[in-house]
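Here the structure is laid out as structure tokens; the discussion comes afterwards.
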Amino acid sequence: MSFEEKEKFKALRIQAETENRKTGEQWRRAKNQTNRAFCETLNLTLQECFTALDELDRVNEEKFDRNQVPGVNDLKKTLNSISTVVTKLVEEKRIEEPDPEEITEEITEVSEDGEVVVKKGPAVATGAIQSRQDALKRLADVADYFRKNEPHSPVTYIIQRAVKWGNMPLEVWLQDVIKDDNVIFNIRQTLGFNTNDPSSEG
Numbered sequence: 147m148s149f150e151e152k153e154k155f156k157a158l159r160i161q162a163e164t165e166n167r168k169t170g171e172q173w174r175r176a177k178n179q180t181n182r183a184f185c186e187t188l189n190l191t192l193q194e195c196f197t198a199l200d201e202l203d204r205v206n207e208e209k210f211d212r213n214q215v216p217g218v219n220d221l222k223k224t225l226n227s228i229s230t231v232v233t234k235l236v237e238e239k240r241i242e243e244p245d246p247e248e249i250t251e252e253i254t255e256v257s258e259d260g261e262v263v264v265k266k267g268p269a270v271a272t273g274a275i276q277s278r279q280d281a282l283k284r285l286a287d288v289a290d291y292f293r294k295n296e297p298h299s300p301v302t303y304i305i306q307r308a309v310k311w312g313n314m315p316l317e318v319w320l321q322d323v324i325k326d327d328n329v330i331f332n333i334r335q336t337l338g339f340n341t342n343d344p345s346s347e348g
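See below:
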């Protein structure tokens, strides 16, 4: 990179910082410090957004005349753009933080001409759940099945919420589920969390 190019990038970085915009360096640093669990949860949240947007589009078509239906294409394009970035992040994090190695099992099949064929494939999770991570993974697989085979079923949304909540610390879960600060404050007191008087905040 030439001196002129370096100076140009330096000027752009300073401009971005002055305008309170994220620089490429800040983005890379934040990405490296972000763990897989956060990216997986964010991906599930995006799927919930797509589900909610589809439902909004359906209700709009029911309530409005054809020529007066509010468009959601801009929202959909924005979600698609975000989803592209998040999907790539999830793929990278799955490589950096892989699941425990899957156990393969031999699958015996009989072809049309009577020949016995033995194939190897990933073992299907059966039996008792081995860990919390295993439980959440099985739930995510169930949600994925319904999303692909019954896209209009509310089951997908419900299970995705359960998986998302399962990946949250209790404190974050309380804030996501309960919108009343006073109620959260009382729960914190009951459970012995560090508490601050909500009326004194902000």
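Going by this note's numbering, the sequence shown opens with residue 147, and the numbers climb by one from there. All C-beta atoms in this analysis are idealised placements derived from N, C-alpha and C, irrespective of residue type, glycine included. Being a predicted model, the structure only gives us computed values, none of them experimental.
Going by DSSP in three states, residue i sits in which element: helix, strand or coil?
i    : result
N166 : coil
V215 : coil
N181 : coil
N332 : helix
N189 : helix
D326 : coil
P300 : helix
I160 : helix
Q172 : helix
K150 : The sequence as given places Glu at residue 150; Lys does not occur at that position. E150: helix per DSSP, three-state reduction.
A274 : coil
L282 : helix
D200 : helix
What do you reckon, is the C-beta of residue i under 8 Å from a heavy atom of the ligand COA?
i    : result
L282 : You won't find the ligand COA in this model; it holds no ligand whatsoever.
Using CA atoms only, rank isn't needed, just tell me which of the options is closest to residue i.
i    : options             : result
A198 : V218, S227 and K177 : V218
V231 : E242, K177 and A274 : K177
V288 : Q306, L337 and E165 : Q306
H298 : T336, Q172 and E194 : E194
V236 : L188, M314 and E163 : L188
N313 : D290, D280 and N295 : D280
What is the C-beta distance between residue i and residue j, in whole angstroms, given that I count them as a contact (C-beta under 8 Å)?
i    : j    : result
R240 : R159 : The pair is not a contact, with the Cβ atoms about 31 Å apart (cut-off 8 Å).
A286 : V309 : 5 Å
I228 : L190 : Rounded, the Cβ-Cβ distance is 13 Å, inconsistent with contact.
Is it buried or exposed for residue i, if we count other Cβ within 10 angstroms and need 16 for buried?
i    : result
L282 : buried
V318 : exposed
E186 : buried
Q161 : exposed
Please work out which residues of its chain come closer than 7 Å, Cβ to Cβ, to residue i, disregarding the five sequence neighbours upstream and downstream, and give them in chain order.
i    : result
F196 : L225
Excluding the 5 residues flanking residue i on each side, which residues of the same chain have their C-beta closer than 8 Å to its C-beta?
i    : result
V323 : W311
F149 : none
L202 : V218
F292 : S299, V301, T302 and I305
What residues in its chain sit with their C-beta under 6 Å from that of residue i, if we drop five residues either side in the sequence?
i    : result
Q179 : none
L337 : none
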